[in-house]
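Just so you know, we're using UniProt numbering here: the sequence shown kicks off at 1 and counts up by one.
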Amino acid sequence: MDLFLANVITVFFFVSAYLLVKKYRLIRQRNSYLSAFSVAAGLAVGFLLLSFCFALLLGVSLPDIYVKTFACKAIFVWLILAINWLWQTVKQQSDRNYA
């Protein structure tokens, strides 16, 4: 049961972060590719730091299985989100240049 709850917490954390970025439209057309990449990189680094702090909070309040599950999955999900955000910035900048 702990493993299931650890997975639920992990999924909730990453889905809520993705939906917040989408809700506030942080990935949108910028003036240049450099500013678009800096926003995507800033989101990726900020999300990495937020994940680290969340893992520390889990370590203090819950058993080790929660932290280990979150840490193992956070590496891969963070990488997928970072690639997705970079791809969205490139795609939106390309659309602006051809429109």
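Cβ atoms here follow ideal geometry from the backbone N, Cα and C, with glycine treated the same way.
Distance, A44 Cα to Q92 Cα
Residue numbering aside, residue 92 sits at position 92 when the sequence shown is read from its first letter. Residue numbering aside, residue 44 sits at position 44 when the sequence shown is read from its first letter. Whole-angstrom Cα-Cα distance: 18 angstroms.
Terminal residues of the alpha helix (DSSP H) in which I9 lies
Taking the sequence shown and counting its residues from 1, one reaches residue 9 at position 9. Segment D2 to K23, the alpha helix (DSSP H) holding I9.
Whole angstroms is fine: what's the gap from S94's alpha carbon to K73's?
The residue you call residue 94 lines up with position 94 of the sequence shown. The residue you call residue 73 lines up with position 73 of the sequence shown. Answer to the nearest angstrom: the Cα atoms are 32 angstroms apart.
Is A36 near the ligand HEM, with its Cβ less than 7 angstroms from a heavy atom?
Absence of the ligand HEM is noted for the structure shown, with no ligands found whatsoever.
V26 lies in the alpha helix (DSSP H); which residues open and close that run?
Translated into the one-based positions of the sequence shown, residue 26 becomes position 26. The question names Val, but residue 26 is Leu in the sequence shown. Segment: none, L26 is in no alpha helix (DSSP H) and carries neither H nor E.
Give the straight-line distance between the Cα atoms of V32 and Q88, rounded to the nearest whole angstrom.
Translated into positions along the sequence shown, residue 32 becomes position 32. Translated into positions along the sequence shown, residue 88 becomes position 88. A quick correction: the sequence has Ser, not Val, at residue 32. Near 14 angstroms, if we compare the C-alpha coordinates of Q88 and S32.
If you draw a straight line from the C-alpha of N7 to the C-alpha of L79, how long is it?
Your numbering for residue 7 matches position 7 in the sequence shown. Your numbering for residue 79 matches position 79 in the sequence shown. Straight-line Cα distance between these residues: approximately 18 angstroms.
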